[in-house]
Structure formats: structure tokens, C-alpha cells
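Participant: Residue numbers (our numbering): 46 to 544. Using N, Cα and C, we set each Cβ at its ideal position, and we do this for glycine too. The following block contains the structure, expressed as C-alpha cells.
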Ligand code: NAD
């Protein structure tokens, strides 16, 4: 059985084998590897290596640090196919989605190649007589990232590339469900010239998360995962005096106005609701047609499009999506479908019981469509995180706007319309962090920032871009006075000259 170990100081950490967790094979069912589940002793070793390496790394000039990012990018490009295959094998998403996962992380690495520019501080000459004020951005020291299963390359790179190029040491605790790619990323960083101890990986579950949250040497924790755990991580980390940002779950709405191009909407929904088996925090699992006529026309177009979706194993180039991550998650999605039915929504297409020939034990869920879902239903209120699309019919624009605004989650939202005024009003008024206008998955590019509102995000800063830079640095402000001496010149400041 393959064992996936920590990546501490460039090696495995040399720890005695402790607890492990099974890494499953979503395509076929069953176990494919085991991953070490560490605790304090593994973390202490990683912290010691980080403490030894970080001051030296922070002393590299920013451009030299950026060169490591350039080198790292070329290595990821070189190994893209291998990394995508490894990612798909543990996660279950199709190869094209795995490449997208890596590519979106790589875009943050590209942003970090230019970090010397944005790391520059501010300067005021002559803030008072003989007084200059300037600021500098300094690293926190040692930061940690705790990441979810659904983007095992992108999210570690959101955090880790920003943290290390700002001069920090970074300790990653990836999801125990698909832990291999994060370890490969850490090894590629070392190959790119990053000193050992600057980007490390410790595996584990709650025990390791708690060890990170309580460790006095870790100054900042960035978390992405489900909301209850995000809130827990935020509270415990802040209570321990750390800087914490914690991104949580989501239930993104797509509002479809009567004038929308429905063919485009249906294509977008098939990708955004069912792509990656719905296991995306920026998926679009709720569609809100405005007006009964829009609802009927949309539904009529959606049904054949959903029936035409091709589900397959993650290496099938024809497949639009693959299995979900574990048998437990499959069971949870199927329970939510039953709850939705019990609550009175109309099951238009039932994806339960889907079986793929030759892969009968794989964790597949067929695409599911539920209509006449209402805000009173728990299946609407909660995140299902599977290939399930719910139609919530709204009478008018204001009702649709209120639905998205009042939902407990506020990660992303989209409006589909040809009306610029409606789109503009929607973007300005909706109580959600990221908005798409005729764009179903509005993940901002790397030089903007990513973050949701309400129970989708705890803390003040977003991921990557200038917000990420804020999170991974602290600003030192210097006020300096260089007097020119007394008026008669008796105490004059003398500019030294060569003897
Ligand atoms: P999860 O919350 O189960 O796990 C996230 C991390 O927390 C993992 O590293 C896990 O080991 C750790 N963890 C699990 N249980 C814990 C506990 N009891 N105490 C402390 N730590 C614990 O999330 P997941 O299932 O891996 O990922 C899916 C979730 O992540 C979804 O809710 C999705 O919406 C969310 N997500 C959010 C964003 C975002 O940016 N808002 C992005 C991606 C995923």
C-alpha cells in the first residue's frame, strides 16, 4: 500500500509511523493509498525547520525570491500532465478540470513573480520639518494553510505562493482525502530553489488542525473548507492571538431574467452546476428564473441538456464529470435529494442509483434536477456539494435579489440578462462577495482577490492579490527626523565627506 508522508525540511520528517487514513479510489471504490495523520510531534519538527530557514529566506531580496516563483512555474508546466493525473486519481474530477485546478493556482504564482513591485512600501517626504514617514511590508514569520479536498492544487497555491514570496515560511495541512498533489508541489518548490523548510506539508485531521491553531510560533492561519469548521478555526485561532482568514461553504444562485439568452444559460448551468460533480465552492447549484414563463422555458431546455451530460471515470476524455470524492459524500448527496423530495420539491431528474458499467463500485451520482424548491426547505438552505441543481422560482427581480442576498452563504452569485441596468443594479445591491454578469463562475483573476461574505467567509481579508498580500504581511511604519541643526549653524548636521 502506497503511503503518503509529510514533507518536512525536504524529507518525510523521520517520525515513527502513527495513525493513518485511507485515501480512496473514487473511480472504482476501495482504498488506493494511506496518508499519515500527524499531530504535535510532526508539527513541531516542521515549525523548527521553518524557524531555522525563514529569517534567511526573508533576507533574500524580493527579486531573488521572485525568481524561485518563475522557476517553480516552469516546473509545474513541465509536470502538468503527471500532476493532473495524480489529482484526478484521488479527487475524481476529470483531467481537464484537474488541469484547470492547477492552472488557476499557477496564475497566483505568476502574480507572485511580480511581488517585488507590490511589496514596496509608501513614503512621504517632509511630513513635518525634517520629517519623513515611510512604511514597509514585513513577513509574519511562519504561516499555516488548512485546505479542502476540492481544489488540492489551486487553494494550496493561493495561500502558499503568496505567503512564501512575501518572505514567510508556510506549513500546509491539506485535505487528507487527496493529499498527494500538495506533497508534489512542495517537492517542486525545493527543486525550483526554495530553501528547505519554507514550504512544508503536514498531514492530519482535527488533531493536526488543533495543533496548528494552538502553536505559539505560527502567526497566521488561512483556512478554506466548510463553514462550521471555518468558524471554529477562526474563533480558536483568533483566541490564540493569530491572524486568521477562514473561507467557508457556499450555495451560489444564478438569477435568470426574462430577457436572458437561455441557450447560453443552459450551457453555463450544465458546466457550473454539474462540472466537477458540483464539488466547487463556486458551483451554481441554485437557479432562480424570474417569472413563470422564464421558468417554464428554462426547464424545457434544461431537461434534455442534463440528460445529454456524459458521466465517466476521471480519465475519460469524453466525460463532463466524474465520481464524487468518497462513498460517504455520495451517500450524503443522495440523502439530501431524498430530503428535498420529502420537503415537497419536485424531482424532475433523479441521479440516485447511477451506475457506470465496469466501475460499479465508483462513487458516481447522476445529474439531478429539482424544481419548485422554496426558501423554507432545508435542502435549499444547506450546501449539498454534489451534481444537484435546484430551481427556485421568483416572481420578479426584487424577489430574486432578496433570495441571494438573504441566504446564509454569500460566496458567489450570477445574473443572466441582456439588460445593463438590471445587471448594474444587481451587482451593486446583492449581499454576496463575488458577482458574475452573464458569467456563471465568477472567480476573480489572480491580480484581484477571492472571498465570499456572510457564512462563506470569516475574517477581514480575501485570498490572493492585494488582499492576500495584506494577510501575509504586516506593515511597519517609520517616522524619521533628520534635523539640520540650530539656526546659527552651531549644531549643524554635517554631511560626511570623504577625508
Ligand atoms: P472540510 O471543512 O471537511 O475540510 C477542510 C479542512 O478542515 C481539511 O483540511 C480537513 O482536514 C479539516 N477538518 C475537517 N474536519 C475538521 C474538524 N472537525 N476540525 C478541524 N479541522 C477539520 O471541507 P471539505 O469537505 O474538504 O471541502 C468542501 C468544503 O469546502 C465545502 O463546504 C466548500 O464549499 C468549501 N470550500 C470553500 C471555498 C471558499 O473559498 N469559500 C473553496 C473551496 C471549498
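Can you grab the Cα-Cα spacing for the pair residue 94 / residue 504, in whole Å?
Facilitator: Taking the chain shown and counting its residues from 1, the one referred to as residue 94 is at position 49. Taking the chain shown and counting its residues from 1, the one referred to as residue 504 is at position 459. Roughly 28 Å between the two C-alpha positions.
Participant: For residue 156, report the span of its alpha helix (DSSP H) as first-last.
Facilitator: Counting from 1 along the chain shown, the entry for residue 156 is found at position 111. Element bounds for residue 156: 140-158.
Participant: Just the Cα atoms here: how many angstroms apart are residue 226 and residue 133?
Facilitator: Here residue 226 refers to the residue found at position 181 when the chain shown is read from its first residue. Here residue 133 refers to the residue found at position 88 when the chain shown is read from its first residue. Going by the C-alpha atoms only, they are around 10 Å apart.
Participant: What are the partner residues of residue 310, as DSSP defines its beta bridges?
Facilitator: Within the chain shown, residue 310 is the residue found at index 265, counting from 1. DSSP output for residue 310 lists no bridge partner at all.
Participant: If we count the other Cβ atoms within 10 Å of its Cβ and call it buried at 16 or more, is residue 320 buried or exposed?
Facilitator: Position 275 of the chain shown holds residue 320. When all chains shown are included, residue 320 counts as buried.
Participant: With distances taken Cα to Cα, identify the nearest neighbour of residue 282 among 105, 305, 191, 89.
Facilitator: In the chain shown, counting from the first residue as 1, residue 282 sits at position 237. Per the Cα distances, 191.
Participant: Residue range of the beta strand (DSSP E) that residue 453 falls in?
Facilitator: Within the chain shown, the letter at position 408 stands for residue 453. Here residue 453 belongs to no beta strand (DSSP E), and DSSP marks it neither H nor E.
Participant: In chain order, which continuous runs of the alpha helix (DSSP H) of length 4 or greater are located wholly inside the region 176-237?
Facilitator: Segments of the alpha helix (DSSP H) lying fully in the region 176-237: 199-210, 225-236.
Participant: Hey, is the region 326-336 in contact with the region 373-380, meaning 3+ C-beta pairs nearer than 8 Å?
Facilitator: Not touching, per the Cβ criterion.
Participant: Using DSSP with H/G/I as helix, E/B as strand and the rest coil, what is residue 64?
Facilitator: To locate residue 64, count along the chain shown from 1; it is residue 19. Reduced to three states, the DSSP call for residue 64 is strand.
Participant: Rank 275, 65, 429 by C-alpha distance to the C-alpha of residue 412 and give the top, closest one.
Facilitator: Indexing the chain shown from 1 puts residue 412 at position 367. Comparing Cα positions, the closest option is 429.
Participant: Where residue 179 and residue 523 are concerned, what is the direct C-alpha to C-alpha distance, given to the nearest angstrom?
Facilitator: In the chain shown, counting from the first residue as 1, residue 179 sits at position 134. In the chain shown, counting from the first residue as 1, residue 523 sits at position 478. Cα-Cα distance, rounded: 5 Å.
Participant: Taking all protein chains shown into account, do 16 or more other C-beta atoms lie within 10 angstroms of the C-beta of residue 119, making it buried, or fewer, making it exposed?
Facilitator: Locating residue 119 in the chain shown gives position 74, where the first residue counts as 1. Classification for residue 119: exposed.
Participant: Since residue 413 is in the beta strand (DSSP E), which residue starts that stretch and which ends it?
Facilitator: Walking along the chain shown from the start, residue 413 turns up at place 368. 413-416 is the extent of the beta strand (DSSP E) around residue 413.
Participant: Please tell me whether, using a cut-off of 7 Å, the distance from the CB of residue 138 to the nearest non-hydrogen atom of ligand 1 is below it.
Facilitator: Start at 1 with the first residue of the chain shown, and residue 138 comes out as number 93. It does not: the Cβ of residue 138 is nowhere closer than 7 Å to a heavy atom of ligand 1.
Participant: Consider the C-beta atom of residue 289 and the heavy atoms of ligand 1; say whether any pair is separated by less than 7 Å.
Facilitator: Position 244 of the chain shown, counted from the start, is the residue given in the question as residue 289. Checking the Cβ of residue 289 against ligand 1 gives no.
Participant: Measure the alpha-carbon distance for residue 164 versus residue 234 and round it to whole angstroms.
Facilitator: As a position in the chain shown, residue 164 is number 119, starting the count at 1. As a position in the chain shown, residue 234 is number 189, starting the count at 1. Computed Cα separation, rounded: 21 Å.
Participant: Within the region 50-116, note down every full alpha helix (DSSP H) run reaching 4 residues or more, in order along the chain.
Facilitator: Qualifying alpha helix (DSSP H) stretches, in chain order: 85-104.
Participant: Cβ of residue 458 within 7 Å of any heavy atom in ligand 1?
Facilitator: Looking up residue 458 in the chain shown gives position 413. No, the Cβ of residue 458 stays beyond 7 Å of every heavy atom of ligand 1.
Participant: Measuring only the C-alpha atoms, how far is residue 53 from residue 423?
Facilitator: Here residue 53 refers to the residue found at position 8 when the chain shown is read from its first residue. Here residue 423 refers to the residue found at position 378 when the chain shown is read from its first residue. Cα-Cα distance, rounded: 43 Å.
Participant: Report back the beta-carbon spacing between residue 114 and residue 147 to the nearest angstrom; my notes put them in contact at under 8 Å.
Facilitator: Within the chain shown, the letter at position 69 stands for residue 114. Within the chain shown, the letter at position 102 stands for residue 147. The pair is not a contact, with the Cβ atoms about 15 Å apart (cut-off 8 Å).
Participant: So, is residue 214 buried or exposed, given that buried needs 16 or more other C-beta atoms within 10 angstroms?
Facilitator: The sequence position of residue 214 within the chain shown is 169, counting from 1. The residue in question, residue 214, is buried, as its Cβ has 16 or more Cβ neighbours within 10 Å.
Participant: To the nearest angstrom, report how far apart residue 323 and residue 314 are at their CA atoms.
Facilitator: By 1-based counting over the chain shown, the position of residue 323 is 278. By 1-based counting over the chain shown, the position of residue 314 is 269. Computed Cα separation, rounded: 11 Å.
Participant: Mind reading off the beta-carbon distance from residue 288 to residue 318? Whole number of angstroms is fine, and I expect it under 8 Å.
Facilitator: Indexing the chain shown from 1 puts residue 288 at position 243. Indexing the chain shown from 1 puts residue 318 at position 273. The Cβ separation is near 35 Å, so there is no contact.
Participant: Heavy atom of ligand 1 less than 7 Å from the Cβ of residue 292, yes or no?
Facilitator: On the chain shown, residue 292 is found 247 positions in, with the first residue counted as 1. Flag set: Cβ of residue 292 near ligand 1.
Participant: Locate the alpha helix (DSSP H) running through residue 434, then write down its first and last residues.
Facilitator: Start at 1 with the first residue of the chain shown, and residue 434 comes out as number 389. No alpha helix (DSSP H) contains residue 434, which is instead part of the beta strand (DSSP E) from 433-436.
Participant: May I ask which residues mark the beginning and end of the beta strand (DSSP E) holding residue 391?
Facilitator: As a working mapping, residue 391 is identified with position 346 in the chain shown. 391-394 is the extent of the beta strand (DSSP E) around residue 391.
Participant: Kindly indicate which residue of 309, 410, 337 has the alpha-carbon position closest to the one of residue 356.
Facilitator: Mapped onto the chain shown, residue 356 falls at position 311. For the residues 309, 410, 337, the minimum Cα distance to residue 356 belongs to 410.
Participant: One question on the structure: do residue 208 and residue 238 come within less than 8 Å of each other, judged by their Cβ atoms?
Facilitator: Here residue 208 refers to the residue found at position 163 when the chain shown is read from its first residue. Here residue 238 refers to the residue found at position 193 when the chain shown is read from its first residue. Going by C-beta atoms, residue 208 is not nearer than 8 Å to residue 238.
Participant: Going by CA-CA distance only, name the one from 62, 74, 305, 253 that's closest to residue 403.
Facilitator: Mapped onto the chain shown, residue 403 falls at position 358. It is 74 whose Cα lies nearest to the Cα of residue 403.
Participant: Just tell me which of 348, 452, 521 has its CA closest to the CA of residue 500.
Facilitator: Indexing the chain shown from 1 puts residue 500 at position 455. Comparing Cα positions, the closest option is 452.
Participant: Can the beta-carbon of residue 291 be found less than 8 Å from the beta-carbon of residue 279?
Facilitator: One-based indexing of the chain shown puts residue 291 at position 246. One-based indexing of the chain shown puts residue 279 at position 234. Contact flag set, yes.
Participant: Name the DSSP beta bridge partners of residue 267, please?
Facilitator: Position 222 of the chain shown, counted from the first residue, corresponds to residue 267. In the DSSP output, where bridge partners are listed per residue, residue 267 has 190, 290.
Participant: With distances taken between CB atoms, is the gap from residue 437 to residue 418 smaller than 8 Å?
Facilitator: The count along the chain shown starts at 1 and reaches residue 437 at position 392. The count along the chain shown starts at 1 and reaches residue 418 at position 373. Contact flag set, yes.
Participant: Using 8 Å as the threshold, is the region 343-361 in touch with the region 460-468, meaning 3 or more CB pairs across them?
Facilitator: Result no; under three Cβ-Cβ pairs closer than 8 Å.
Participant: Between residue 81 and residue 50, is the Cβ-Cβ spacing less than 8 Å?
Facilitator: Translated into positions along the chain shown, residue 81 becomes position 36. Translated into positions along the chain shown, residue 50 becomes position 5. Result yes, Cβ atoms of residue 81 and residue 50 sit closer than 8 Å.
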